[in-house]
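Contents: one structure, followed by commentary.
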Amino acid sequence: MTNLFDINGKVALITGSTHGLGMAMAKGLGQAGATIVVNGNSSQQKIDDAVNELKSEGINAVGYKFNVTEEKEVAEAVQKIEKEVGPIAILINNAGIIKRIPLLEMEVADFREVIDIDLVSPFIVSKHVAKGMIERRQGKIINICSMMSELGRNTVSAYAAAKGGLKMLTKNMATEWAKYNVQINGIGPGYFATEQTKPIRVDGHPFNDFIISRTPAAKWGDPSDLAGAAIFLSSKASDFVNGHILYVDGGILATIGKPSNE
Ligand code: GCO
Ligand code: CA
């Protein structure tokens, strides 16, 4: 019997995967048998540490340092990876940043930086990886969206604009490339316990209590909760799923929430 979820031996490039949700998805796909290409841009040391962490769990992993916002660097890296590791079968556009600044205080440069990393870079990386996928008539692209692809929140305007844009970029990529047997979908994580959410996750912090009461599952997500969605959208199981955003959010988007006395 063929296993619909089999991704054994497939090369998966995950941007921004030295830590956080990227690392969690690297572990998930790696444990399912994929060869993981770790990417980051801050330091070679962080990449080496991430690769070693994956290897220590028996996962095939290699690391490539490049800046996802620089088209030339991306083009060269993609060529190098395909030559040295193999054709990229799975791309997860995960690299992203957030700046929590009220709109009126946000500098234009800060706004642009968020859009550049969170929205322009998935376009750049996909453009270069999709060329090979289209030639081979096979590929999976997963864009990491957010609750903020659907909802606003105080202080995260640039992030919400970028993630809303990424949702629509996902649909447009599916529109143009689905006919080449390349499936492009998104994962929209809810609130997960990562470094990025550490400042707003402290016990007793009003935001921490707010998120727990706002989430039907009544807790923060554990990064490993994303593995199932990532494997599904990377495997044959999703071969006719196109332009869909799979929210993994403990039910946040299913409900309007509840008053504080319930
Ligand atoms: C915030 C959070 C979010 C999460 C996540 C939610 O400040 O509201 O950091 O933006 O990172 O993307 O889906
Ligand atoms: Ca992160």
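Numbering (full-length UniProt numbering), first residue to last: 1 to 262.
Where a beta carbon is used, it is the ideal one built from N, C-alpha and C, also for glycine.
Check                                                                                             : Outcome
Cβ shell of Q160 (< 6 Å), same chain only, five flanking positions each side left out             : Before going further, note that residue 160 is Ala rather than Gln in the sequence given. For A160, where only same-chain residues beyond five positions count, the Cβ hits under 6 Å are M148 and G152.
Per-residue DSSP class, three states only, for F192                                               : strand
Touch test, the stretch 240-260 against the stretch 54-62, Cβ-Cβ under 8 Å, three pairs minimum   : no
Reduced DSSP secondary structure (H/G/I, E/B, other) of L13                                       : strand
Contact test: T197 Cβ vs ligand 1 heavy atom, cutoff 7 Å                                          : yes
Simplified DSSP assignment, three categories, for T35                                             : strand
heavy atom of ligand 1 below 7 Å from M147 C-beta                                                 : yes
Beta strand (DSSP E) runs wholly inside the stretch 99-164, at least 3 long, in chain order       : 139-144
Any non-hydrogen atom of ligand 1 within 7 Å of Y191 CB                                           : yes
For I7, the three-state DSSP class (helix, strand or coil)                                        : coil
Contacting residues, own chain, Cβ-Cβ under 6 Å from Y247 (five flanking each side not counted)   : G188 and L253
Unbroken alpha helix (DSSP H) run spanning L54, endpoints                                         : Q44 to S56
Meets three-Cβ-pair contact criterion under 8 Å: the stretch 137-147 and the stretch 181-198      : yes
Sufficient close CB pairs (3 or more, under 8 Å) joining the stretch 35-51 to the stretch 104-111 : no
CA-to-CA distance, T155 to I101, given in whole angstroms                                         : 5 Å
Contact the stretch 41-54 vs the stretch 22-31: 3+ CB pairs below 8 Å                             : yes
Cβ-based burial, K198 [other Cβ within 10 Å; buried from 16]                                      : exposed
Short Cβ contact (8 Å threshold) for F207 with I200                                               : yes
Cα-Cα separation between K131 and T175, rounded to whole angstroms                                : 15 Å
Buried or exposed (CB count within 10 angstroms, at least 16 for buried), N172                    : exposed
Extent of the continuous beta strand (DSSP E) run through N93                                     : I88 to N93
Cβ pair count under 8 Å reaching 3, the stretch 210-219 against the stretch 64-73                 : no
Pairwise C-alpha distance: P223 and M133                                                          : 28 Å
Cβ-heavy atom distance, Y64 to ligand 1, below 7 Å                                                : no
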